[in-house]
Amino acid sequence: MGMEPNTKKIDGYVERDNVVIDGMDISGHWNRMLEPRWLQDYSTDAMDWVTSLKGAESLSWCYQCAKCVPVCPVEHVGSYGPRKLVRKVQLGNNLMEDPDLWLCTSCAACLRVCPKAVDMIQIMPALREQAVLEGKIPDELADAFSSMEQHGNPLGQPARKRVAWTKGLDVDVPILSKIQKPVDVLWYVSDYTSYHPRGHDAARAMARVLTTLGIDFAILGQEEKCDGDSPRAAGERGLFEMLAEQNIETFEKYEFDKLVVMDPHAYNAFKNHYPKMGGEYNVLHYTQLLVDYIDKMEFKGSVDATVTYHDPCYLGRHNGEYDAPRKLLEAIPGVKLTEMPHYKATGFCCGGGGGGMWLDGLAADHQSERLSERRVREAVGTGADVLSVACPYEPSRFEDAVKSTGNAGSLDVLDIIELIDRAMHPDAEA
Amino acid sequence: MKILVVMKQVPDLADELEISDDGNSLDPDAVTWVLNEFDDHALEEALQLKDALGGSVAALALGSEAVDKALFTALAKGADEAKKVGEFEGGVSSHVAAEAFAAAIGGMEYDLILTGVQAIDDLDGQVGPLLATKLEIPHVSVVTHVEVSGDAKSVTVHQEYAGGVLAEFEVDLPAVLGIQAARATPRYAPVSRVRQLQKEASLETIDGAPSGTSGLEVERLFVPETGGHAEMIEGDEDEAAEKIVNILEERGLLPK
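Chains as they are written, first to last, in our numbering: chain S, 2 to 431; chain R, 141 to 396.
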């Protein structure tokens, strides 16, 4: 909108010409008193509009204390903090044409410290939805939306390739539509685990570990579709609803006790958003499932390495799970766990959430470096050999960042399940 | 300027297509229908013209159960009207399609009709020419550039040929153009908007012409046979580079 604040300066004052108090002459300007005055009179149109949107009501609660600024990962690599966003809206910018609309990764670091509970996790999707409805979507994000809409995954791959990772695998991966029987664990494999080459490594490791532990599991295979959580955070609520309806319909066809996911974004969707649409499940992140099996894990090898762990925003801050991944890492023979300065509740975002996974170009135009690069520098600083992760967005993001920061060869990026698999099945082919 | 966009749906090639037991049609259970990609370009070009010059865009598609989503999507992208033409299931020959569209369009006002140059199901490319013939207006196909004249009575279009050659035509309006590629990538239709429209808007159905009889008759469908495979070049960067240079030299593609 670019609306300039309507500035009014009404300087009024009173002064008495002759005043003597206790022998002291304070005549003229010495007794001048300012009348009440407006320094600036802002239009509240933009703020009124934003806070009229469902979910965005809390934006006006901000009192500019700025606690959110130093914790915002985007601020670390640019000039963006939730406080600044509020100020823009106060000054009349409704953000519809502003690149800042798309920089938030919905990591929730600001919400954790905000004394007024200004909830960017709800504000950003509500605001972005308005831009999406007007078709004002960055091209790269629109491409990902389009792939999810047409193919059920952001990579634009056909459904029939969702199980390509099972080919040549040394264990059997049952598919529910084929076995037609109830299972204990429905393993929701997720998009990047199913389609990305580095995701395949985690998927194959998971299949081996589940099999060795004797867990009764099956997957959906071609019927699985994107959970929709990231497009929801990126403002495409309709796409989220469409995908959720399709997944809920698929889940309803089968009997299972636990819904186990690789992807914290899927975890968040299934746990916090699908119930509102009628899909209630006993949802577990795979680390939460496996932590109860530590005593049953037979380690035939070890991983002799110093390992640090990156808390995924949607497993940690959003859903409070910090311990299960660490307990698993500590159970692996040879692993020496070391922490980065930003860890657990203060964990630093990889940049992939809230649509950031598909906004690399836009982010690059407004940031000094990628969040993943900043995070990799932090991991390297700990002296760790391995940066372990528990979200399928991360291996590709961090491996690229390891290379682009000149750290190739000095830091491996591995999913926790890959580390467990290496220690349990040292002879298995990756 | 009033623009009509003529569209149809085709099987989604992302799915594995299966041939029915009758041997001459696709197994309908294995088919997901999507808008023909070239028609999507025709729609985009129409919307771009409207954005630049004003006017209106009406999207017309052969009627089927699966086509509703494509028409609501056209509305979500910015079309002013969306109409179903007749009732058809499965594939339709170009003659039948052109006859149905001609009957539907006969009574409408329009300046320009855009359609995809062809559709991936039959690669026939005849709907545009047949429709223009029936409406007795000019037609150009394989169009990659459309510019409307100042008085809006004609368009200058580019027709693409192999090897980067193109012809420029000036065509009196109204006319039918078979679009090869729009000036911009077809825009994304927000699902949020499509779903809003599915709740709020309704689609008009125009009764099509009686089914045509001429056109192609499919006797038998075959799954393509796999031919030769690509040769994978092994070795490190230097070895691979040397092999590539050798191959290019052998074929006379590099100056010695």
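Even for Gly, the Cβ is constructed at its ideal location relative to N, Cα and C.
>> When you compare the CB of Arg323 of chain R with every CB in chain S, is at least one pair closer than 8 angstroms?
In response: At a cut-off of 8 angstroms between C-beta atoms, Arg323 of chain R does not count as an interface residue with respect to chain S.
>> For Met34 of chain S, list the residues DSSP reports as bridge partners.
In response: DSSP output for Met34 of chain S lists S:Val15 as bridge partner(s).
> Which ranges would you report for the beta strand (DSSP E) in the region 310 to 350 of chain R if only whole runs of at least 3 residues count?
Replying inline: As far as the region 310 to 350 of chain R is concerned, its whole beta strand (DSSP E) runs of at least 3 residues are 315 to 319, 344 to 346.
>> At the level of alpha carbons, what is the spacing between Ile418 of chain S and Ile319 of chain R?
In response: Going from the Cα of Ile418 of chain S to the Cα of Ile319 of chain R covers about 50 angstroms.
> His279 of chain R by DSSP, collapsed to three states: which one?
Replying inline: Strand.
>> Would Glu156 of chain R pass as an interface residue toward chain S - the criterion being a Cβ-Cβ separation below 8 angstroms?
In response: Nearest CB-CB separation between Glu156 of chain R and chain S: below the 8 angstroms threshold.
> Are any of the Cβ atoms in chain R nearer than 8 angstroms to that of Ser148 of chain S?
Replying inline: Taking 8 angstroms as the CB threshold, Ser148 of chain S stays off the interface with chain R.
> By the 10 Å Cβ neighbour count, where 16 or more other Cβ atoms means buried, how is Ile220 of chain S classified, buried or exposed?
Replying inline: Buried: at least 16 other Cβ atoms inside 10 Å.
> Whose C-beta lies closer than 6 angstroms to the C-beta of Ala322 of chain R among residues of the same chain, with five residues either side of it excluded?
Replying inline: For Ala322 of chain R, where only same-chain residues beyond five positions count, the Cβ hits under 6 angstroms are His181, Glu184, Glu185.
> Along chain R, which residues have their Cβ under 8 angstroms away from the Cβ of Gly280 of chain S?
Replying inline: In chain order: nothing, as chain R lies at least about 18 angstroms away.
> Can you name, in chain order, every residue of its own chain whose Cβ lies under 7 angstroms from the Cβ of Gly357 of chain S, other than the five neighbours on each side?
Replying inline: Listed in chain order, the non-local C-beta contacts of Gly357 of chain S below 7 angstroms within the same chain comprise Thr106, Ala364, local neighbours out to five positions each way being set aside.
>> Residues of chain S with CB closer than 8 angstroms to the CB of Val236 of chain R, please, in chain order.
In response: The contacting residues do not exist; Val236 of chain R stays about 27 angstroms from chain S at best.
> Which value, in whole angstroms, describes the spacing of the CA atoms of His235 of chain R and Asp378 of chain R?
Replying inline: Approximately 56 angstroms between the Cα atoms of the pair.
> Any beta-carbon of chain R closer than 8 angstroms to the one on Ile138 of chain S?
Replying inline: Cβ-Cβ to chain R under 8 angstroms: yes for Ile138 of chain S.
>> The beta strand (DSSP E) that contains Gly194 of chain R, what's its start and end?
In response: In this chain, Gly194 of chain R is not harboured by any beta strand (DSSP E), its DSSP state being neither H nor E.
> Whose C-beta lies closer than 6 angstroms to the C-beta of Leu187 of chain S among residues of the same chain, with five residues either side of it excluded?
Replying inline: So the list reads Phe257, Leu260, once near-sequence residues are dropped.
> Identify the residues that DSSP records as bridge partners of Phe443 of chain S: which are they?
Replying inline: Since the first residue shown for chain S is 2 and the last is 431, residue 443 of chain S is missing from the structure and cannot be characterised.
>> Run through the DSSP bridge pairs and tell me what Pro151 of chain R is partnered with.
In response: Note: Pro151 of chain R sits in a beta bridge opposite R:Trp173.
>> Per DSSP, what are the beta-bridge partners of Phe257 of chain S in this structure?
In response: Partner(s): S:Val184.
>> Just to confirm the assignment, what range does the alpha helix (DSSP H) spanning Ile387 of chain R have?
In response: Per DSSP, Ile387 of chain R belongs to the alpha helix (DSSP H) from 377 to 390.
>> Measuring alpha carbon to alpha carbon, tell me which residue in S:Ile295, S:Gly354, S:Gly362, S:Asp366 is nearest Glu331 of chain S.
In response: Out of S:Ile295, S:Gly354, S:Gly362, S:Asp366, S:Ile295 has the C-alpha closest to the C-alpha of Glu331 of chain S.
> DSSP on Asp171 of chain S, reduced to helix/strand/coil?
Replying inline: Reduced to three states, the DSSP call for Asp171 of chain S is coil.
>> Tell me the rounded alpha-carbon separation between Ala267 of chain S and Gly229 of chain S.
In response: Separation of Ala267 of chain S and Gly229 of chain S (C-alpha to C-alpha, rounded to the nearest whole angstrom) is 8 angstroms.
> Which one of S:Pro326, S:Asp305, S:His343, S:Pro126 has the shortest CA to CA distance from Ala424 of chain S?
Replying inline: When each option's Cα is compared against that of Ala424 of chain S, the closest is S:Asp305.
>> Tell me the DSSP secondary structure of Ala270 of chain S in three-state form.
In response: DSSP places Ala270 of chain S in helix when its eight states are reduced to three.
> So what's Met4 of chain S in DSSP terms, helix, strand or just coil?
Replying inline: Confidence at Met4 of chain S is low in this model, with a pLDDT of 43, below 50, so the placement of that residue is unreliable and no value is reported for it.
> Name the chain R residues that come within less than 7 angstroms of Glu225 of chain S, Cβ to Cβ?
Replying inline: Near Glu225 of chain S there are no residues of chain R at all, since even the closest Cβ is about 15 angstroms away, more than 7 angstroms.
> Using 8 angstroms as the limit for Cβ to Cβ distance, is Pro159 of chain S near chain R?
Replying inline: Yes, Pro159 of chain S counts as interfacial toward chain R.
> Hey, is Pro427 of chain S's beta-carbon within less than 8 angstroms of any beta-carbon in chain R?
Replying inline: No, Pro427 of chain S lies away from the interface with chain R (no Cβ there is under 8 angstroms from its Cβ).
> Alpha carbon to alpha carbon, what distance is there between Ser191 of chain S and Ile358 of chain R?
Replying inline: The residue you asked about is not Ile; residue 358 of chain R is Val in the sequence shown. One C-alpha to the other measures close to 41 angstroms.
> Any beta-carbon of chain R closer than 8 angstroms to the one on Arg238 of chain S?
Replying inline: True, the Cβ-Cβ gap to chain R drops below 8 angstroms.
> Assuming Tyr255 of chain S contacts Phe271 of chain S under a Cβ cut-off of 8 angstroms, what Cβ separation, rounded to an integer in Å, is found between them?
Replying inline: With a Cβ gap of about 14 angstroms, Tyr255 of chain S and Phe271 of chain S do not count as contacting.
> If the cut is a Cβ gap below 8 angstroms, which residues of chain R does Ala143 of chain S touch?
Replying inline: Arg327, Tyr328, listed in chain order.
>> Taking the alpha carbon of Val390 of chain S as the reference point, which residue from S:Thr309, S:Asp324, S:Val403, S:Ala346 has its own alpha carbon closest?
In response: Here the closest residue by C-alpha is S:Thr309.
> Quick one, which residues of the region 204 to 216 of chain R are near chain S if we go by CB-CB under 8 angstroms, in chain order?
Replying inline: From the region 204 to 216 of chain R, no residue has a Cβ closer than 8 angstroms to chain S.
> Along the region 328 to 348 of chain R, what residues have a CB closer than 7 angstroms to any CB found in chain S?
Replying inline: Listed by position along the chain: Tyr328, Pro330, Val331, Ser332, Arg333, Val334, Arg335.
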